[in-house]
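First residue of the sequence shown: 4, per the working numbering; consecutive thereafter.
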Amino acid sequence: MECRGRGGSSERRMTETVTPSDHDLLLGLRDGDEAAFTALYRRWQGPLYRYALRVSGSPALAEDVTQEVFMALLRRNEGYDPQRGELSSYLHGIARNLARRRIERERGHLPLSDEAGTDDPLADLVRRERSDLVWEGLLGLPLHYREVVVLCDLQGLSYEEAASALGCAVGTVRSRLHRGREQLGARLRSARPMPATAPMPRMTR
4 MECRGRGGSS ERRMTETVTP SDHDLLLGLR DGDEAAFTAL YRRWQGPLYR
54 YALRVSGSPA LAEDVTQEVF MALLRRNEGY DPQRGELSSY LHGIARNLAR
104 RRIERERGHL PLSDEAGTDD PLADLVRRER SDLVWEGLLG LPLHYREVVV
154 LCDLQGLSYE EAASALGCAV GTVRSRLHRG REQLGARLRS ARPMPATAPM
204 PRMTR
């Protein structure tokens, strides 16, 4: 009897430590479970903030967009259909639309960040590799290319997830990503200073 009791306790502990899926958390959110909303916020706040920051270059805009995404999720979480794609695509799609509207409305008036993405390994690498040039190059891309580069190369979304977030075909994502990478590479190459050449030493006897 004691063995069965210990086994049952172990099984309960294993069950309690299982991480709930996005779908389970959304079901809880629809039932008014505040803990479910908190879990979703903790899971997705960072990725959504980094996306908005990388697209806009503005920490203030990124904070606003992130908050607005979760307000939208509270207002219309019934609008998410798991049959049409992952929650990551749905949330990034909302963030993309909000950020795009703000960028177009406030073009030329956004306070840009000198150090985009703190506590982020990618941002640390970017800073080491002359972050000013990299971020200027990224922010200099046309918005439709910048969005795809950020989603696929920085956020790690698949072509299918990016297509769902952007509301376009997978082929369009591939094409924009290819052109965006080309343009970003060209910008970085043109901005990279040429190494100085040292004079040839004279031979002495």
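For glycine and all other residues, C-beta sits at the position ideal for the given N, C-alpha and C.
In this text, all values refer to a predicted model and were calculated from it rather than measured experimentally.
Worksheet item: Going straight from the alpha carbon of LEU142 to that of LEU101, what length do you get?
Response: Locating residue 142 in the sequence shown gives position 139, where the first residue counts as 1. Locating residue 101 in the sequence shown gives position 98, where the first residue counts as 1. Looking at the two C-alpha atoms, the distance is approximately 17 Å.
Item to complete: Starting from the C-beta of ARG184, find all residues in its chain whose C-beta is less than 8 Å away, skip the five residues before and the five after it, and write them out in chain order.
Response: As a working mapping, residue 184 is identified with position 181 in the sequence shown. Correct list, in chain order: VAL152 and ASP156.
Discussion item. Output needed for ILE106: all residues of its chain with C-beta closer than 6 Å, excluding positions within five of it in sequence on either side, in chain order.
Written reply: The sequence position of residue 106 within the sequence shown is 103, counting from 1. These residues qualify, in order along the chain: SER59.
Discussion item. Do ARG108 and LEU146 have their beta-carbon atoms positioned less than 9 Å apart in this structure?
Written reply: Taking the first residue of the sequence shown as 1, we reach residue 146 at position 143. Taking the first residue of the sequence shown as 1, we reach residue 108 at position 105. No. Outside cutoff.
Worksheet entry | DSSP three-state assignment for THR22, whether helix, strand or coil | Residue 22 sits at position 19 when you count from the first residue of the sequence shown. It is coil, neither helix nor strand.
Practice prompt. Leaving aside the five residues before and after GLN48 along the sequence, list all residues of the same chain whose C-beta is less than 8 Å from its C-beta, in chain order.
Written response: Taking the sequence shown and counting its residues from 1, the one referred to as residue 48 is at position 45. Result list for GLN48: THR69 and PHE73, in chain order.
Item to complete: For TYR52, collect the residues of the same chain with a Cβ closer than 6 Å to its Cβ; drop the 5 residues on either side in sequence, then sort them by chain order.
Response: Indexing the sequence shown from 1 puts residue 52 at position 49. Only ALA65 and THR69 meet the Cβ criterion.
Item to complete: Kindly provide the ranges of any alpha helix (DSSP H) runs that are 4 or more residues long and lie completely inside the segment 39–99, ordered along the chain.
Response: 62–79
Worksheet entry | CA-to-CA distance, PRO85 to GLY31, given in whole angstroms | Walking along the sequence shown from the start, residue 31 turns up at place 28. Walking along the sequence shown from the start, residue 85 turns up at place 82. For GLY31 and PRO85, the distance between alpha carbons rounds to 15 Å.
Item to complete: Specify the secondary structure class of ASP36 as computed by DSSP and reduced to three states.
Response: By 1-based counting over the sequence shown, the position of residue 36 is 33. Here ASP36 sits in coil by DSSP.
Worksheet item: Whose CA, out of ARG177, ARG78 and SER167, lies closest to the CA of TYR148?
Response: Position 145 of the sequence shown, counted from the start, is the residue given in the question as residue 148. If we check each option's Cα against that of TYR148, ARG177 comes out closest.
Worksheet item: Rounded to a whole number of angstroms, what is the C-alpha to C-alpha distance between SER167 and TYR93?
Response: Indexing the sequence shown from 1 puts residue 167 at position 164. Indexing the sequence shown from 1 puts residue 93 at position 90. Approximately 7 Å, taken between the alpha carbons.
Item to complete: Give every residue of the same chain whose Cβ lies closer than 7 Å to the Cβ of LEU180, excluding the five residues on either side of it in the sequence, and list them in chain order.
Response: Here residue 180 corresponds to residue number 177 of the sequence shown, with the count starting at 1. Once the five neighbours on either side are set aside, the close Cβ partners of LEU180 are VAL151, VAL152 and CYS155.
Worksheet item: Which residue's Cα is closest to the Cα of TRP138: GLY188, THR22, TYR162 and ALA165?
Response: As a first step, residue 138 must be located in the sequence shown, where it is residue number 135. Nearest option by C-alpha distance: GLY188.
Worksheet item: Anyone know if the C-beta pair for LEU29 and HIS95 falls short of 9 Å?
Response: Here the question's residue 29 lines up with position 26 in the sequence shown. Here the question's residue 95 lines up with position 92 in the sequence shown. Not closer than 9 Å, so no.
Worksheet item: Is the beta carbon of TYR54 less than 9 Å from the beta carbon of ALA98?
Response: Walking along the sequence shown from the start, residue 54 turns up at place 51. Walking along the sequence shown from the start, residue 98 turns up at place 95. It is a contact, given that the beta carbons lie within the stated cut-off.
Worksheet item: Nearest to THR41 by CA position, among ASP67, VAL21 and LEU76, is which residue?
Response: Your numbering for residue 41 matches position 38 in the sequence shown. It is LEU76.
Discussion item. Taking the beta carbon of GLU164 as the centre, do at least 16 other beta carbons fall within 10 Å, making it buried, or is it exposed?
Written reply: Within the sequence shown, residue 164 is the residue found at index 161, counting from 1. Under this definition GLU164 is a buried residue.
Discussion item. Taking only three categories from DSSP, how would you classify GLU164?
Written reply: One-based indexing of the sequence shown puts residue 164 at position 161. Reduced to three states, the DSSP call for GLU164 is helix.
Worksheet item: Measuring CB to CB, does ASP25 end up less than 9 Å from ARG46?
Response: Mapped onto the sequence shown, residue 25 falls at position 22. Mapped onto the sequence shown, residue 46 falls at position 43. Taking 9 Å as the Cβ cut-off, ASP25 and ARG46 qualify as a contacting pair.
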